[in-house]
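Asks:
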Amino acid sequence: MIFSKTKSLESKMDAFLDKISESGIVYRRGIKNYMKNEKEDFDLHLEQIIALEHEADELRRNIETRLYTQTLVPESRGDILALMETSDDVIGRAKDTLVELSIEKPDVPDEFKSGFIELARSTSRALEEMVLAMRAFMRDPINVRNYLHKVYHWEKESDRLAENLKRSIFASEDLRLSHKIHLRYFTLHVDTLADLAEDVADRLAIYTIKRSI
Amino acid sequence: MLILLFLSSGLFLGWSLGANDASNIFGTAVGTRMVKFYTAALVASVFVVLGAVISGAGTTHTLGKLGAVNMIAGAFMVALAAAVTVFWMTKLSLPVSTSQAIVGAIVGWNFFAGKTTDMGALTKIASTWVISPILAAGFSFVFFLLFKKILEVWKIHIFRLDAYTRIGLIVVGAFGAYSLGANNIGNVMGVFVSVAPFENLNLLGFTFSGVEQLFLLGGLAIAVGIFTYSKRVMLTVGEGVVKLTPQSALVVVLSQSIVLFLFASKGLEAWLLSHGLPTIPLVPVSSSQVVIGSVLGIGLAHGGRGIQYKVLGRIASGWVTTPVIAAVLSFISLFFLQNVFDQQVVKPETLLGIHETVNIEINTQVY
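Chains Z and V, in that order, are what the protein sequence lines are. For the first sequence, my numbering assigns the number 1 to the initial residue and increments by one for each residue that follows. For the second sequence, my numbering assigns the number 1 to the initial residue and increments by one for each residue that follows.
#1: Under a Cβ-count criterion, where at least 16 other Cβ atoms within 10 Å of its own Cβ denotes burial, should I411(V) be classed as buried or exposed?
#2: Roughly how many angstroms separate the alpha carbons of P197(V) and I72(V), rounded to a whole number?
#3: On the criterion of 16 or more Cβ atoms from any shown chain inside 10 Å, does I222(V) qualify as buried, or is it exposed?
#4: Indicate whether the contact test is met: 3 or more Cβ pairs, each with one atom in the region 37-50 of chain Z and one in the region 166-183 of chain Z, closer than 8 Å.
#5: Please list, in chain order, the chain Z residues whose beta carbon lies closer than 7 Å to that of I307(V).
#6: Can the beta-carbon of R139(Z) be found closer than 7 Å to that of K148(V)?
#7: State the DSSP-derived secondary structure class of N202(V), mapped to helix, strand or coil.
#8: Within 7 Å (strictly less), CB to CB, does H453(V) reach chain Z?
#9: Three or more C-beta pairs closer than 8 Å, one from the region 320-337 of chain V and one from the region 57-69 of chain V: is that the case here?
#10: Taking a contact to mean a Cβ-Cβ separation below 7 Å, would you say R135(Z) touches L17(Z) in this structure?
#11: To which residues of the same chain is R29(Z) closer than 8 Å at the C-beta, ignoring the five residues directly before and after it?
#12: Residues bridged to T207(V) by DSSP?
#13: Assign L92(V) to one of two classes, buried (16 or more other C-beta atoms within 10 Å of its C-beta) or exposed (fewer than that).
#14: Taking beta-carbon pairs under 7 Å, can you tell me which members of the region 137-167 of chain Z lie near chain V?
#15: Under 7 Å between beta-carbons, which chain Z residues line up against M234(V)? List them in chain order, please.
#16: Determine which residues of the region 152-179 of chain V have a Cβ less than 8 Å from any Cβ of chain Z, and write them out in chain order.
#17: Can you give me, in chain order, the residues of the region 67-101 of chain Z that have a beta carbon less than 8 Å from any beta carbon in chain V?
#18: For V46(V), which residues in the same chain have their Cβ closer than 6 Å to its Cβ, ignoring the five residues on either side in sequence?
#19: For L9(Z), decide whether its Cβ has a neighbour in chain V, counting only Cβ atoms nearer than 7 Å.
#20: Can you name, in chain order, every residue of its own chain whose Cβ lies under 8 Å from the Cβ of F137(Z), other than the five neighbours on each side?
#21: Using beta-carbon positions only, say whether S9(V) and F76(V) come within less than 7 Å of one another.
#22: Of the choices L145(V), V251(V), F263(V) and L214(V), whose alpha-carbon is the least far from that of N24(V)?
#23: Using a Cβ-Cβ distance under 7 Å, would T6(Z) count as near chain V?
#24: Consider the Cβ of A39(V): report whether some Cβ of chain Z lies at a distance smaller than 7 Å.
#25: For R33(V) and chain Z, any beta-carbon pair shorter than 7 Å?
#26: State the CB to CB distance for the pair S286(V) and S97(V), rounded to an integer number of angstroms; the pair is presumed to be in contact (CB under 8 Å).
#27: Determine the closest residue to L262(V) out of S248(V), L180(V) and L80(V), with distance taken between C-alpha atoms.
#28: Quick one: which unbroken alpha helix (DSSP H) runs of 4-plus residues sit fully inside the region 256-303 of chain V? Chain order, please.
#29: For chain Z, find out if any of its Cβ atoms is closer than 7 Å to the Cβ of F281(V); answer yes or no.
#30: May I ask you to report which of helix, strand or coil DSSP gives G51(V)?
#31: So is P246(V) in contact with chain Z if we call contact Cβ pairs under 7 Å?
#32: Considering only residues of the same chain and omitting the five flanking positions on each side of F144(V), which have a CB-CB separation below 8 Å?
#33: In chain order, what are the residue ranges of uninterrupted alpha helix (DSSP H) at least 4 long that sit wholly in the region 11-75 of chain Z?
#34: Can you list, in chain order, the residues of its chain with a C-beta nearer than 6 Å to that of L334(V)? Leave out the 5 residues immediately preceding and following it.
#35: Just to confirm before moving on: does the CB-CB distance between G51(V) and Y229(V) stay below 7 Å?
#36: Let me make sure I understand the geometry here. Which of V108(Z), N146(Z), H153(Z) and P141(Z) has the alpha-carbon closest to that of E152(V)?
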């Protein structure tokens with residue numbers, strides 16, 4: 001009885017992490033589709049990420065309720081809750097970015113497209129490593145560090161790419177200031193995903209110390 | 001009714017043992033909300049009574065060798081002196097143990113009755129006070145490293161580990177309660193064994209001896225202490241004094257239970273004897289000091305950081321002060337009970353009270 005409940009909760013947590021991981025892939029491909037004017041594929045990925053965000057929300061609420069109503073993991077449930085909420089923000093931000101692209105349809109000149117694709121690739125790598133760190137926290141806390149430093153690496157890389165992109169945008173003589181600001185806004189949007197992954201990694205670093213017996 | 005009145009000091013000792021020492025077993029589990037208080041109290045009560053009735057004879061026998069209190073009024077006062085010592089020292093926040101108080105009180109009775117204290121038995125008992133926390137530290141050090149290794153290798157999911165730990169805390173807690181009952185019932189009822197007038201009972205083909213009935217009564221007093229007063233102590237232990245993770249708590253309780261069991265098990269003693277191995281003395285030890293030893297073992301496994309060595313000094317001082325205070329109190333109160341309340345506390349045919357001896361000496365000088 002007690003183990004069947006535990007098993008179901010474990011599956012739900014795994015499913016939640018799967019949704020975050022999948023949203024990172026969908027997000028990266030969505031950005032690429034937008035930059036390459038692949039409208040149909042972009043719309044498909046937009047739909048997918050909206051569905052993923054909704055499903056992740058449902059799973060998070062379900063897990064949180066069960067953790068508290070069944071008084072499970074009393075020592076760590078506050079930490080688990082905070083981790084889930086923060087990682088849910090990551091998936092929310094990924095969805096928002098694709099939704100904003102679909103609404104505002106920024107005009108990205110060809111010379112900046114590869115920069116946006118590269119930036120999205122880097123931020124989604126930070127997100128993937130974050131998910132691996134979270135999985136390790138659940139089963140194998142000793143290995144969390146192995147993933148955390150990769151999250152920090154990709155976050156720094158994303159910052160570097162975002163800065164380069166913004167510098168080239170503002171160095172361009174062909175664009176109006178309003179256009180430049182619009183592109184900077186999307187650069188920030190894409191880059192913020194890695195910052196959120198870093199926030200989760202910071203929490204994980206502390207929670208892992210607390211989890212050691 | 002008079003019997004119950006005389007047993008009341010032992011029952012009070014039992015109540016205080018339940019109120020305080022159950023927290024050593026279930027404190028962290030309840031304080032960290034891993035186990036509900038009523039689950040802990042029920043498991044602890046049932047197993048403490050079982051331990052007392054089934055395996056309580058070993059430590060009681062050792063206390064009997066130290067000093068066989070031979071009148072029920074004397075037994076009442078010996079237990080009361082121990083109880084008052086524990087109560088008073090607890091009030092003054094001094095380290096105290098029921099085991100050490102009862103030993104002191106019995107030695108006080110020996111002095112009063114003019115009986116020689118068996119120094120062999122006393123040395124054996126006192127040496128276990130030192131050995132038991134050290135042994136507990138050794139066990140918890142080893143178990144801690146073992147648990148850590150198992151968790152590293154098996155990679156158990158945090159939710160599943162939570163479930164395993166809860167079950168472990170209840171199972172090991174039950175073993176701990178059994179060991180506590182077996183080891184410490186001698187403190188509560190040991191002095192009454194040779195004087196309580198309980199007859200053997202035959203129930204459904206089983207003989208329920210007088211001593212077992214006495215231990216059942218003591219066990220029930222411990223259970224009442226657990227249900228009525230241990231909750232607040234458990235919450236203090238779990239949330240305040242020492243912060244342990246549930247897995248470390250499991251290690252602490254396991255180490256403590258094994259030590260209490262080792263010093264109480266006649267079965268183990270028989271097994272060691274049959275294999276020609278040295279036996280472990282069956283002596284009531286302080287569960288609180290054993291727990292401190294266990295926590296210390298975990299501190300050492302962490303590299304010795306954060307260990308408050310002052311605590312060890314305080315425990316060591318308790319090894320001396322508690323029995324001395326209890327012995328003096330026992331001696332004085334026995335004197336009052338005999339001379340002010342006119343109660344016989346020592347059987348006359350065995351030995352005379354010290355004041356009578358003094359009178360004889362004075363008379364001899366006069367003549």
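A virtual CB, placed ideally from N, CA and C, is assigned to each residue, including glycine.
Replies: Reading it off the structure:
#1: Because chain V here runs from 1 to 367, residue 411(V) falls outside it and cannot be looked at.
#2: As a working note, residue 197(V) is residue 197 in the second sequence. As a working note, residue 72(V) is residue 72 in the second sequence. Roughly 9 Å between the two C-alpha positions.
#3: Here residue 222(V) refers to the residue found at position 222 when the second sequence is read from its first residue. Burial check for I222(V): the Cβ neighbour count within 10 Å reaches 16 or more, so the residue is buried.
#4: no
#5: Residue 307(V) sits at position 307 when you count from the first residue of the second sequence. Simply none; closest approach about 17 Å.
#6: Counting from 1 along the first sequence, the entry for residue 139(Z) is found at position 139. Counting from 1 along the second sequence, the entry for residue 148(V) is found at position 148. No, these two residues do not count as a Cβ contact at 7 Å.
#7: Start at 1 with the first residue of the second sequence, and residue 202(V) comes out as number 202. Under the three-state reduction of DSSP output, N202(V) falls in the strand class.
#8: Because chain V is modelled from 1 through 367, residue 453(V) falls outside the range shown and cannot be assessed.
#9: no
#10: Your numbering for residue 135(Z) matches position 135 in the first sequence. Your numbering for residue 17(Z) matches position 17 in the first sequence. Closer than 7 Å, so yes.
#11: Locating residue 29(Z) in the first sequence gives position 29, counting from the first residue. Correct list, in chain order: D41 and H45.
#12: Position 207 of the second sequence, counting from 1, holds the residue named residue 207(V). T207(V) pairs with N202(V).
#13: Residue mapping note: residue 92(V) aligns to position 92 of the second sequence, counting from 1. Exposed, since its Cβ has fewer than 16 Cβ neighbours within 10 Å.
#14: M138, R139, D140 and I142
#15: To locate residue 234(V), count along the second sequence from 1; it is residue 234. By Cβ distance, chain Z contributes nothing, its closest Cβ being about 14 Å from M234(V), past 7 Å.
#16: Within the region 152-179 of chain V, the residues whose Cβ lies closer than 8 Å to some Cβ of chain Z are E152, K155, I156, H157, I158, F159, R160, D162, A163, R166 and I167, listed in chain order.
#17: Those residues of the region 67-101 of chain Z placed with their C-beta closer than 8 Å to a C-beta in chain V are T71, L72, V73, P74, E75, S76 and I80, ordered along the chain.
#18: Indexing the second sequence from 1 puts residue 46(V) at position 46. Same-chain partners within the cutoff: there are none.
#19: Within the first sequence, numbered from 1, the residue matching residue 9(Z) stands at position 9. Yes, because at least one Cβ of chain V sits closer than 7 Å to the Cβ of L9(Z).
#20: The residue given as residue 137(Z) occupies position 137 in the first sequence. Cβ within range, chain order: L83, V144, L204, Y207, T208 and R211.
#21: Here residue 9(V) refers to the residue found at position 9 when the second sequence is read from its first residue. Here residue 76(V) refers to the residue found at position 76 when the second sequence is read from its first residue. Yes, they are a contact pair.
#22: For the purposes of this step, residue 24(V) is identified with residue 24 of the second sequence, where counting begins at 1. Looking at the Cα atoms, V251(V) is the closest of the given residues.
#23: Indexing the first sequence from 1 puts residue 6(Z) at position 6. Yes, because at least one Cβ of chain V sits closer than 7 Å to the Cβ of T6(Z).
#24: One-based indexing of the second sequence puts residue 39(V) at position 39. Here the sequence assigns Thr to residue 39(V), which means Ala is not the residue at that position. Not closer than 7 Å to any Cβ of chain Z, the Cβ of T39(V) fails to qualify, so no.
#25: Stepping through the second sequence from its first residue, residue 33(V) is reached at position 33. Interface residue, yes.
#26: The sequence position of residue 286(V) within the second sequence is 286, counting from 1. The sequence position of residue 97(V) within the second sequence is 97, counting from 1. About 3 Å; that satisfies the 8 Å criterion.
#27: Stepping through the second sequence from its first residue, residue 262(V) is reached at position 262. The candidate whose alpha carbon is nearest that of L262(V) is L180(V).
#28: DSSP assignment within the region 256-303 of chain V yields the following whole alpha helix (DSSP H) runs of 4 residues or more, N-terminal first: 266-274 and 287-301.
#29: In the second sequence, the residue the question calls residue 281(V) occupies position 281. The displayed chain sequence assigns Pro, not Phe, to residue 281(V). Judged by the 7 Å Cβ criterion, P281(V) is not in contact with chain Z.
#30: Looking up residue 51(V) in the second sequence gives position 51. Reduced to three states, the DSSP call for G51(V) is helix.
#31: Working through the second sequence from its first residue, we reach residue 246(V) at position 246. It does: the Cβ of P246(V) has a partner Cβ on chain Z nearer than 7 Å.
#32: Taking the second sequence and counting its residues from 1, the one referred to as residue 144(V) is at position 144. Here the set comprises S248, V251, G297, I298 and A301.
#33: 39-69
#34: As a first step, residue 334(V) is located in the second sequence; it is residue number 334 there, counting from the start. Excluding sequence positions up to five before and after L334(V), its CB lies within less than 6 Å of the CB of M77, F112 and V345, all in the same chain and listed in chain order.
#35: To locate residue 51(V), count along the second sequence from 1; it is residue 51. To locate residue 229(V), count along the second sequence from 1; it is residue 229. At a Cβ-Cβ threshold of 7 Å, G51(V) and Y229(V) do not count as neighbours.
#36: Taking the second sequence and counting its residues from 1, one reaches residue 152(V) at position 152. Closest option to E152(V), Cα to Cα, is P141(Z).
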